[in-house]
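Everything on this sheet refers to the single structure shown next.
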Amino acid sequence: MGYGDYQCMDENGIREDGRKADEMRPVEIECGVVPVADGSAYIKWGKNEAIAAVYGPMECHPRKVQRQDRAILDVRYNMAPFSTTDRIRPGFNRRSREISKVTRDALESVVDLELYPRSKIRVEIEIICAEAGTRCCGITAASVALADAGIPMSDMVVSVAA
1 MGYGDYQCMD ENGIREDGRK ADEMRPVEIE CGVVPVADGS AYIKWGKNEA IAAVYGPMEC
61 HPRKVQRQDR AILDVRYNMA PFSTTDRIRP GFNRRSREIS KVTRDALESV VDLELYPRSK
121 IRVEIEIICA EAGTRCCGIT AASVALADAG IPMSDMVVSV AA
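Just so it is clear: in the sequence shown, position 67 is 67 by full-length UniProt numbering, and no numbers are missing.
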């Protein structure tokens, strides 16, 4: 069966996990779950679970990567090796880099980086349980963690997939 042949709903319009076509996965959000971070969030979105932690604003090292006019948003997305039934090789892979970039782009559009010139704000996202939609879960967790850290934003970022 090819990718285009995959059916995610039965003939009654019910998804494999029992939801109707127009139903979202249940969502739980908790802030302040990482005591050593400036802000953090835990999100359970269906069977997906993510923890995001924010550190900063802080001094930017090495100095050659500093921006004189604004802060740098450093985003790292990672899936824990135990997050899926198939063990994932630890470390930063191509998929993690791509999702980190997409997440950074989404967050940069709302974070007021100009308030922190020559600084860095680090956002760490760890997927601890993965079903489907981990990217959306991670982006939303990062946005909530930034708000928990008190980082000024013009709006919150919430991500969903059809």
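Note that CB positions come from ideal geometry on N, CA and C, so glycine has one too.
Fair warning: this is a prediction, and the values are worked out from it, not measured in the lab.
By the Cβ test, the stretch 63-72 is not in contact with the stretch 135-144, since fewer than three Cβ pairs between them sit closer than 8 Å. By the neighbour-count criterion, in which 16 or more other beta carbons inside 10 Å mark a residue as buried, N93 falls on the exposed side. Between the beta-carbon of A71 and that of I121 there is about 5 Å, and that keeps the pair under the 8 Å contact cut. Between the alpha carbons of I43 and S109 lies a gap of roughly 22 Å.
Checking the DSSP bridge columns, you'll see G39 partnered with V54. Looking at the DSSP output, Y77 bridges to I125.
DSSP lists W45 as the beta-bridge partner residues of N48.
For the pair V27 and S40, the CB atoms are not nearer than the 8 Å cut-off. In the three-state reduction of the DSSP assignment, I99 falls in the helix class. For E30, the CB contacts under 6 Å within the same chain, skipping 5 residues up- and downstream, are Y42 in chain order.
Inter-residue distance for K47 and M24 is about 12 Å (C-alpha atoms, whole angstroms). Under the DSSP assignment, I29 falls in the beta strand (DSSP E) whose first and last residues are 27-31.
If you draw a straight line from the Cα of C60 to the Cα of R135, it is about 27 Å long. Contact between L115 and L73 is absent: CB atoms are separated by about 12 Å, not below the 8 Å threshold. With distances taken between CA atoms, S96 lies nearest to A80 out of A80, T85, V111.
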